[in-house]
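What follows is a single structure, written as structure tokens, with notes after it.
Number of protein chains: 2
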Amino acid sequence: MAAPFRSSLRLHSVMRLPAVRTITTTSHLRAAAKPYFPDEPAAPKMTTAIPGPNNQKATAELNEVFDVRSLNMLTDYTQSIGNYIADLDGNVLLDVYAQIASIPVGYNNPHLKEIAKSPEMLTSLINRPALGNFPSADWAHILNTGILKVAPKGLNQVFTAMAGSDANETAYKAAFMYYRQLQRGGPQTDFTEQELQSAMQNKSPGSPQLSILSFKSAFHGRLFGSLSTTRSKPIHKLDIPAFDWPQAAFPTLKYPLEEHAQENAQEEQRCLQEVERLIKEFHNPVAAVVVEPIQSEGGDNHASPAFFRGLREITKRNNVLFIVDEVQTGVGATGKFWAHDHWNLETPPDIVTFSKKAQTAGYYYGNPALRPNRPYRQFNTWMGDPSRALIFRGIIEEIERLGLVENTAVTGDYLFAGLQRLSQKYPGHLQNLRGKGQGTFIAWDTPKRDEFLVKAKGVGINIGGSGLNAVRLRPMLIFQQHHADILLESIEKIIKQL
Amino acid sequence: MAAPFRSSLRLHSVMRLPAVRTITTTSHLRAAAKPYFPDEPAAPKMTTAIPGPNNQKATAELNEVFDVRSLNMLTDYTQSIGNYIADLDGNVLLDVYAQIASIPVGYNNPHLKEIAKSPEMLTSLINRPALGNFPSADWAHILNTGILKVAPKGLNQVFTAMAGSDANETAYKAAFMYYRQLQRGGPQTDFTEQELQSAMQNKSPGSPQLSILSFKSAFHGRLFGSLSTTRSKPIHKLDIPAFDWPQAAFPTLKYPLEEHAQENAQEEQRCLQEVERLIKEFHNPVAAVVVEPIQSEGGDNHASPAFFRGLREITKRNNVLFIVDEVQTGVGATGKFWAHDHWNLETPPDIVTFSKKAQTAGYYYGNPALRPNRPYRQFNTWMGDPSRALIFRGIIEEIERLGLVENTAVTGDYLFAGLQRLSQKYPGHLQNLRGKGQGTFIAWDTPKRDEFLVKAKGVGINIGGSGLNAVRLRPMLIFQQHHADILLESIEKIIKQL
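In order, the protein sequence lines correspond to chains A and B.
When we follow the numbering used here, the leftmost residue of the first sequence carries the number 5, and every step to the right adds one.
When we follow the numbering used here, the leftmost residue of the second sequence carries the number 5, and every step to the right adds one.
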């Protein structure tokens, strides 16, 4: 299992290939076929309709105590391996959804097995620390060899958290504290008596009416602060009180991009202008702008690097923080370790949040002034979970050993080319194909989306949707050319059934 | 390590003992001295001043990448055992703070070691599921033999979460959805177009201006919704936007309780009246009342069972939900598994939240109507962590095997009696001693509190505070009479140094 892709030269040559591949590419792509998981099945194996009888019975039992209406498939994780997920009826499916984009290096990854059996894991599981008060002796080492080893360029600090929602919310809290500190004139300025008292009443100025600007169709989590920036679907938001925070339009690009360059550039300018106008005019002052590199939950909406560079400029110019939510895009799936690595920013984002494929969560930052000016302002009992930080370190080791970021770049290009061929053949079924050059982070729109997802199970593919009409591919980083071939063939089968 | 306390008869007889113990109690209390952790040190061992040179060096290293200003003590968990916590300089302290009340059955508990090495743990660590979509085949079994085995009376459902803050916030979300469903006339009533559209704008009626009523000095977490119900200290809340939600006075009881019965009853009545008035009059309608059985972070403030029964009656009468936050009080420390077991409620709380000593988190409920009427309304990617649910199951097994709830009741009574003697001897240093009959969940006020906490380390005791003036005891459930003797002796030493 040596790393098959290391040369950036080769990578560039791949990216310049025409969309429909020719025979010249096969030699190095064949190298990709050396499987990372030699024990994986060669193909999906379907023994019953889904859900089968065992799954139905177990679901009814679980329903007694746990809401199962969002249940997709009860899973036998002991029989799942690599890219393949097993149910309780002997069905084994190729999984390109991967626990909502959160499994990076395969089910039952052998290296993670070793990590799970290590003495460090044992002690972190049974002696869970209150990390802000009593971190373990090796916490700095675990951070430096794991979470911080892959810190985005320019950011060298981390606040650890539990999952995407609280990663974003603690980032927002850091932004609010920073904003008010600037207003006060620096970290040394004391809080006023009025601030101290009004904060206890949930009232301004102590609890100021500041805001976070997010984008239409954005998804940043489902707790009260993060949900106030989430604008994906009503079902995520209905009946839950929300803060009066602004939303800007996110670019609606037309595909194929090559044919709509000027229109799309204008659309992005329009959205950038709206951002700047809201920052200047919104009645609750904007402390930060939060954005996903690719709006994932909200329908796989992309924008160009120029758009994001524009956002960085606007936030700089207006003294508001620029928070990049890499919860779904981070950790290798886009062909770069962080999706914002595609942007060539002049200055890094102020804060980058992570979770999902990291199997732990938190936010990176670089500016020391983003540490609140007093202890216990950004604090909670656990502040994350070292056992999950150890898993992330193991994931990073696997990514480096196998060259998995390069793999998603190359396999993604291969897969995208195949999907382009399908979209030409079935233009009614594969619309607005997007994610070119973004690794395997690919999506398209299809009119019978929900039916597509259900029928996919029937041909042995576990696949997810986003937004109202999109099919989103979120395979693991170990998804290879031979998996892409199965997937492409299966998509054609599904289309023929629709 | 047989269970030394099983007879409820014995337990009752202990609880009727006079506050200052007599010789008649020693025989069965001696039984308690059989140590749960035979390999524990006999006493704290201090080799350097704290922090010692190794701790100082390691703290400086950690400070490069991680905020250490709330750091209490870098910890060598491999050398910590049972009730004893070790630092990097060979100091070993008796730990009655226990990772902010979150370690239940001792550092390096042998049974938890076995759990951590089990095949179930291995698979849950390396194949982390999106629990709402792809739960493992044995998830119902893990719930039924763990989290739900100890469900509060009358509650048989659970929504799992990551930590205390999101346990509370998802409970609040459930309350808001339930409240609006009642207003709509039931689960079948569709959302209006106006609701669907306004929710996406963070505006009423889709995002309604409803509220959660909490109490002054309450602590329910530090994310945006939970922080809006937290009223502990300004430093927890400053600069963070908050919802306009109401707070009622929490009773300020006078001690000793026996001497202030009538005054205290009046005080509780006053607070109950304020709760009912706020429910009837507050401009943002109250969907739920949330309360801690003992306000922990906010200063260890107690109220009587009659007060909580009154709250239950008021919430029933006014059709608002009654949420009991057992994040700090739950899982055995008060001499009952759940602190609200002390109240003899006629009907159970609507929702009980848990975290900390459970080492996982979530909320219990019983009313099926508290499951939102549509899937994906209460949902997130991970919805907890099965590996931590397995640890909780192991903790429950230890609690049952060793009779640890009974132990906290008996040891707590013993400890309380000793503290009463000290408070008579040093009335200026131990004021408002509280927590009688509440297991080891004991606290007192002292004028030089912060100095007390620092000096405690010098005599080998790791101990925490709450509120502004309180010393709070949060020993583990395996804290026994011989530990109490060391603690009492040490407290006297500290007082003499002040």
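Idealized CB from N, CA, C, for every residue including glycine.
- Under the rule that a run must span 3 or more residues, the beta strand (DSSP E) segments found entirely inside the region 331-397 of chain B read 355-358 and 365-369.
- Ranked by Cα distance from ASP345(A), the options ALA310(A), ALA365(A) and PRO372(A) are led by ALA310(A).
- Proximity of chain A to ALA134(B) at the Cβ level (cut-off 7 Å) is accounted for by GLN103, ILE104 and SER106, in chain order.
- The beta carbon of ASN348(A) lies closer than 7 Å to those of PRO309 in the same chain, with the five residues before and after it left out.
- DSSP, read as helix, strand or coil, puts VAL162(A) in strand.
- Legend: CB atoms of the region 294-324 of chain A lying less than 9 Å from CB atoms of chain B are not found in any residue.
- In this structure, DSSP gives THR79(B) an extended state, which the three-state scheme calls strand.
- Per DSSP, ILE107(A) lies in no beta strand (DSSP E) and is assigned neither H nor E.
- Each of GLU271(B), TYR111(B), ARG397(B) and GLY441(B) was checked against the Cα of VAL414(B), and the nearest Cα belongs to GLY441(B).
- Listed in chain order, the non-local C-beta contacts of ARG73(B) below 7 Å within the same chain number zero, local neighbours out to five positions each way being set aside.
- Leaving aside the five residues that flank THR333(A) on each side, the residues in its chain whose CB is nearer than 6 Å to its CB run, in chain order, PRO297, ILE298 and ALA343.
- Secondary structure note for LEU437(B): its beta strand (DSSP E) is the uninterrupted segment 435-438.
- Neighbourhood of LYS461(A) in chain B, by CB distance below 9 Å: empty, with the nearest CB roughly 12 Å away.
- Per the DSSP secondary-structure output, LEU325(B) pairs in a beta bridge with ALA292(B).
- Contact between the region 125-135 of chain A and the region 384-400 of chain A is present: 3 or more CB-CB pairs across the two stretches fall below 8 Å.
- For the pair THR164(A) and GLY398(A), the CB atoms are not nearer than the 7 Å cut-off.
- In this structure, the alpha-carbon of LYS157(B) lies about 16 Å from that of PHE312(B).
- GLY469(A) is positioned such that its CB atom lies no closer than 7 Å to that of GLY443(A).
- Bridge pairing for TRP448(B): VAL475(B) [DSSP].
- Apart from sequence neighbours up to five positions away, the residues of its chain that approach LYS340(B) with a beta-carbon distance below 6 Å are HIS346, ordered along the chain.
- Taking 7 Å as the cut-off, the Cβ atoms of THR412(B) and GLY336(B) count as close.
- Of the residues assessed, SER122(B) falls on the exposed side of the cut-off, its CB having fewer than 16 other CB atoms within 10 angstroms.
- Below the 7 Å Cβ cutoff, chain A contributes PRO245 as neighbours of LEU214(B), in chain order.
- Counting every other CB atom within 10 Å of its CB across the protein chains shown gives LEU325(A) a total of 16 or more, marking it as buried.
- With a minimum length of 3 residues, the unbroken runs of beta strand (DSSP E) contained wholly in the region 178-263 of chain B fall at 215-219.
- A straight line joining the alpha-carbon of ASN384(A) with that of ALA265(B) spans about 36 Å.
- Apart from sequence neighbours up to five positions away, the residues of its chain that approach PRO209(B) with a beta-carbon distance below 8 Å are THR196, GLN198, GLU199 and SER202, ordered along the chain.
- Chain-ordered, the chain A residues with CB closer than 9 Å to the CB of PHE180(B) read ASP243, ILE244 and PRO245.
- Annotation: LEU491(B) is outside any beta strand (DSSP E); the continuous alpha helix (DSSP H) that includes it extends over 485-501.
- Neighbours of PHE383(A) across chain B, judged by C-beta separation under 8 Å: SER74 and ARG226.
- In this structure, the alpha-carbon of SER218(A) lies about 12 Å from that of GLU278(A).
- Of the other Cβ atoms in all chains shown, fewer than 16 fall within 10 Å of the Cβ of THR193(A); this residue is therefore exposed.
- The DSSP-derived three-state label of VAL96(A) is strand.
- Per the DSSP secondary-structure output, TYR88(A) pairs in a beta bridge with ILE85(A) and LEU98(A).
- Here the region 169-179 of chain A makes contact with the region 212-231 of chain A; the two share three or more CB pairs at distances below 8 Å.
- Against chain B, the beta carbon of ALA144(A) has neighbours under 8 Å at ALA62, GLU65, LEU66, GLU68, VAL69 and PHE70, listed in chain order.
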